[in-house]
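Take a look at the structure set out below.
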Ligand SMILES: [Zn+2]
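In the working numbering, the protein residues as written are 834 to 1440.
In structure tokens:
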């Protein structure tokens, strides 16, 4: 193996959080943002005049848009670099004092940047179709063509400029204040597990303990803690959903908007696609239920909500024997990737050679794993904590899949590289699936095979049952909120019913406090946050399912498909590259067939 690094090297950007260049860059950015605000100020006038531009005015305004667009791109890239650098420092050491100080300053700069260009954005939304046709014919501005086409679908929901500004301004202390209150609560709530008082994050980790008594105590502890604040969280959910419904009502001046419209637009999918996916998943919910039953059989239990993260029984006894070094993990991933596409394998090795991955366990390190990237030059980075488990190997493969997605879009202009949450997990789950299949083939003992099949079974139950039950709950919550305030008692009943709808008899109990314990329902910025995970999972498997059908042609097809995720809707991506319609159940059935086979594999090992 060549020279691999397990800590990242970001020194080409800044030498450290105390680098004087950071302050210099921030000052320069501040000046650039002020200049950008001046550059964008003239756009207010045509917006307020609300009369379409005459064709002889096009050239002048195009020049103005071009100048603002180029300046915005340059400033965004520099701000992006600085943000990525500061968050990379904080991930490795959350106590880094200068990085902690820079973080809010950079958030402020980000907010000022979007304020500065607000008039430009609204001008582009309201301009006539003729002007936009002229605009996307301009070589510099052509990269905006998809994002404008997509954003302009919201044209008939726009309010006046003054009202739009008022909503954005009031939301900081209104809508977002409720989300912040939830974060505050979840950071300070304590619960009792094994006679010891612990924070919720620690209690959450205990849910994957091999000891069922600990899991049960942790689950009951977490729920008791939330129960003590049930009225507060009910107030949060009512306020957030009440705000959204009122905003939707105000925006319905041209046509009546459905509460799912905004989410589908953000996800770049049609409502028909969402419906086809949810309905097909519901028809085949037995796959997820069978996974739970098989896992219960192995553990000799009837699964309850506190068993959903239970590890397979082998992981204890195997202990060190299944440990991988970081180099072994890279080697294993690179060879699995290479069998599919040699360039993808080389890329995995390159990421580690260049010091673009930080995986070395260190004190004060952030939890979790993610893939990010610097904007200029465009370079991906991966953060995770690698301790040698098979799960770590799969996480690394997942993040390398994300990085590959970034990498194949490297030469595209900035505005063609933004993909929605629904398409963001395509490459990651694809990478993970390649490695999981390779691991399963290599596994020599039934225990090793079981531990891989276990991961697949638990993914099946999470994606096919848990995520959809959240969707069902949120729909019922919004519908109830339309009629009035929803008290904590009703939230419990609704959650219980939603779990029952999906899990049926595969669990002995349902998690009726899940509306409080799951952060996702209290995210102020985003409603219906959960279904994109199911979409990403099934979508990626659906593409993986085509691998053998296309043979050697699949490689290029897959790369081109990824490259288009920033400039098409999900429907268009699949239609263009796979000639399939994701509004039809067939596409989703093929993905569910793959999950079905994985669960059968688990069932045969569970005997
Ligand atoms: Zn991911």
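All C-beta atoms, glycine included, are put in the ideal place defined by N, C-alpha and C.
- Using a C-beta cut-off of 8 angstroms, the segment 1254-1261 makes no contact with the segment 1272-1279, since fewer than three inter-stretch Cβ pairs fall below that distance.
- Relative to ligand 1, residue 1235 has its C-beta within less than 7 angstroms of a heavy atom.
- Segment contact: the segment 1129-1145 against the segment 1198-1208, fewer than three CB-CB distances shorter than 8 angstroms; contact not assigned.
- Closest option to residue 1166, judged by alpha-carbon separation, among 924, 1397, 1080 and 1227: 1227.
- Within the segment 1066-1110, the runs of alpha helix (DSSP H) at least 4 residues long that lie entirely inside it are, in chain order, 1094-1100.
- Closer than 7 angstroms to some heavy atom of ligand 1: that does not describe the Cβ of residue 1288.
- In summary, residue 1087 is exposed, with fewer than 16 beta-carbon neighbours lying within 10 Å of its beta-carbon over all protein chains present.
- Residue 1429 and residue 1139 have their C-alpha atoms some 24 angstroms from each other.
- Per DSSP, residue 1026 is not a residue of any alpha helix (DSSP H); the beta strand (DSSP E) it occupies stretches across 1023-1026.
- In this structure, residue 1412 keeps its C-beta atom at 8 angstroms or more from the C-beta atom of residue 1420.
- For residue 1342, the shortest separation between its Cβ and any heavy atom of ligand 1 does not lie below 7 angstroms.
- Look at residue 1029 here: in three-state DSSP terms it is strand.
- Secondary structure at residue 1330: helix, using DSSP grouped into helix, strand and coil.
- For residue 1280, the enclosing alpha helix (DSSP H) starts and ends at 1279-1294.
- As a beta-bridge residue in DSSP terms, residue 1203 pairs with 1216.
- Taken through DSSP and simplified to helix, strand or coil, residue 907 comes out as helix.
- In the structure shown, residue 1134 falls within a coil segment according to DSSP collapsed to helix, strand and coil.
- In this structure, residue 1397 lies away from residue 1382, with their beta-carbon atoms at least 8 angstroms apart.
- For residue 1258, there is no enclosing alpha helix (DSSP H), since its DSSP letter is neither H nor E.
- Exclusion of the five residues before and after residue 976 leaves 1246, 1248 and 1249 as the residues of its chain whose Cβ lies within less than 6 angstroms of its Cβ.
- Within the same chain, and ignoring the five residues on either side of residue 1181 in sequence, the residues whose Cβ sits closer than 7 angstroms to its Cβ are 1163, 1166, 1167, 1170 and 1233.
- Straight-line spacing of the CA atoms in residue 960 and residue 992 works out to 15 angstroms.
- Per DSSP, reduced to three states, the secondary structure at residue 955 is helical.
- Residue ranges of uninterrupted alpha helix (DSSP H) with 4 or more members, entirely inside the segment 1295-1357 and ordered along the chain, are 1300-1316, 1321-1336 and 1347-1350.
- By the neighbour-count criterion, in which 16 or more other beta carbons inside 10 Å mark a residue as buried, residue 842 falls on the exposed side.
- Residue 1067 places its beta carbon 8 angstroms or farther from that of residue 1357.
- Annotation for residue 1231 indicates a beta carbon within 7 angstroms of some heavy atom of ligand 1.
- With contacts defined by Cβ atoms closer than 8 angstroms, residue 1439 and residue 1122 do not form a contacting pair.
- A distance criterion of 7 angstroms places the beta-carbon of residue 1331 beyond contact range of ligand 1, judged by its closest non-hydrogen atom.
- Between the alpha carbons of residue 878 and residue 885 lies a distance of about 12 angstroms.
- In the three-state reduction of the DSSP assignment, residue 1211 falls in the strand class.
- Scanning 859, 904 and 1041 for the CA closest to the CA of residue 1224 turns up 1041.
- Around the beta carbon of residue 1350, 16 or more other beta carbons lie within 10 angstroms, which makes this residue buried.
- Residue 1015 counts as buried, since no fewer than 16 other beta carbons sit within 10 angstroms of its beta carbon.
- For residue 1163, DSSP assigns no beta-bridge partner whatsoever.
- With contacts defined by Cβ atoms closer than 8 angstroms, residue 1242 and residue 979 do not form a contacting pair.
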